[in-house]
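Heads up: the structure comes next, in structure tokens.
In my numbering, the protein residues as written are 212 to 579.
Have a look at this one:
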């Protein structure tokens, strides 16, 4: 029997792994059968390079967008929404916290949802931390969250590599931070790059030739505060010159919340640099790709029609929910303002919007 629960999102295996852990079928991510492991791997790379939607499953981009319609209504009856679903997916950055500051009313709201038997799962596009590291952040903020309830795009990158049977004798070059390295290590993959390449420089002099590891079979790009020209060139060489090398992005977010004082350039700026230099489209494993939604749905046995996605960003959180066939609730505590939501130029409309998730409490009180 499906247990009732809430999925919370923070800011989207091998057939054997998914079926063993969650009954997930990775068939749509796998290449055509081949007697040669190397050609099979190259087939996956070829398919991923033409995935312009950024979803592991190629699809026309307009299919992911809802037709333009009237602006979403405000949430007026929290009980109706809460009772209509078994699971909530909450984004973190701009929903649970901003930078290192907890948003008012979050602990009480999560406690109320747990008391109603909802499962809480936190999903974030931020790849700078591993699941274990995010667990410590929740603890620091006074939130009681189990590591198994946390899913970051750093974890999704490792899970995707498992889903395509990425060869264990190949290496992963990482443009990103410690979270990606830790998740790759836990998954048993060899890696190089990451923070240790942050101080490396290129001396551009006549005849200079930059070497790169020909055993790199994938380049994973996430948010990187130590991004530099060395990393751009190294990642570019791997993708361009290593046969079948994959280009994987944890997310393409334009901005992120490094502090609660202002918005900062997001992981999409790093992904964009590699996309520009290679002229390749990445496979995006974070939101709004369906990869993490499929993984979560199968791991927890959640029916997607019984999920409500709650987030602050239209083009990742809300589109993530819509791509998965879920109910969607936009909160205005993060990057999206009411004028942005109601702009005639905005084509992504949630089912409802509200100021912050603690409105669940005030809207309940107003109906008593």
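C-beta atoms are modelled at their ideal positions from N, C-alpha and C, and glycine is treated no differently.
Remember, predicted model here, so these are calculated numbers, not experimental data.
### Message
Assuming residue 457 and residue 494 are in contact, meaning their beta carbons sit under 8 angstroms apart, how far apart are those beta carbons, in whole angstroms?
### Response
Confirmed, Cβ separation roughly 7 angstroms.
### Query
Rounded to a whole number of angstroms, what is the C-alpha to C-alpha distance between residue 308 and residue 302?
Straight across, the Cα-Cα distance linking residue 308 with residue 302 is about 9 angstroms.
### Closest Cα partner of residue 367 within the set 566, 507, 574
Cα-wise, what sits closest to residue 367 is 507.
#### Entry: Backbone CA spacing between residue 409 and residue 480 [nearest angstrom]
Cα-Cα distance, rounded: 16 angstroms.
### Task
Starting from residue 301, trace the beta strand (DSSP E) both ways and give me its first and last residue.
According to the DSSP assignment, residue 301 belongs to the beta strand (DSSP E) that extends over 298-301.
#### Entry: Close-in-space but distant-in-sequence residues of the same chain around residue 469 (CB under 7 angstroms, 5 per side omitted)
The residues are 310, 475.
### Task
Would you mind listing the alpha helix (DSSP H) stretches within the region 333-396 that are 4+ residues and don't spill past its ends, in chain order?
If we require 4 residues or more, the alpha helix (DSSP H) runs fully inside the region 333-396 come out as 342-351, 364-374.
#### Entry: Bridge-paired residues (DSSP) for residue 312
Looking at the DSSP assignment, residue 312 forms a beta bridge with 309.
### Task
Sort 341, 372, 365 by Cα distance to residue 358 and report the nearest one.
Among 341, 372, 365, the Cα nearest to that of residue 358 is on 341.
### Query
Do you know whose CA, among 539, 541, 486, lies nearest residue 444's CA?
When only C-alpha atoms are compared, the closest one is 486.
### Query
For the alpha helix (DSSP H) that contains residue 510, what are its first and last residues?
Run containing residue 510: 502-511, per the alpha helix (DSSP H) assignment.
### beta strand (DSSP E) segment containing residue 449, residue limits
In this chain, residue 449 is not harboured by any beta strand (DSSP E); it is covered by the alpha helix (DSSP H) spanning 440-452.
### Query
Using CA coordinates, which residue listed in 528, 383, 411 is at the minimum distance from residue 399?
Of the listed residues, the one whose Cα sits closest to residue 399 is 383.
### Message
Pull the bridge partners of residue 459 from the DSSP assignment, please.
### Response
DSSP lists 431, 494 as partners of residue 459.
### Message
Helix, strand or coil, according to DSSP, for residue 563 in the structure here?
### Response
In the three-state reduction of the DSSP assignment, residue 563 falls in the strand class, which pools E and B.
### Task
Below 8 angstroms on the Cβ atoms is my guess for residue 496 versus residue 402; work out the distance and round it to an integer in Å.
Contact annotation, residue 496 with residue 402: C-beta distance approximately 16 angstroms; criterion of less than 8 angstroms not satisfied.
### Query
For residue 316, which residues of its own chain have a beta-carbon under 6 angstroms away from its beta-carbon, when the five flanking residues on both sides are left out?
Result list for residue 316: 569, in chain order.
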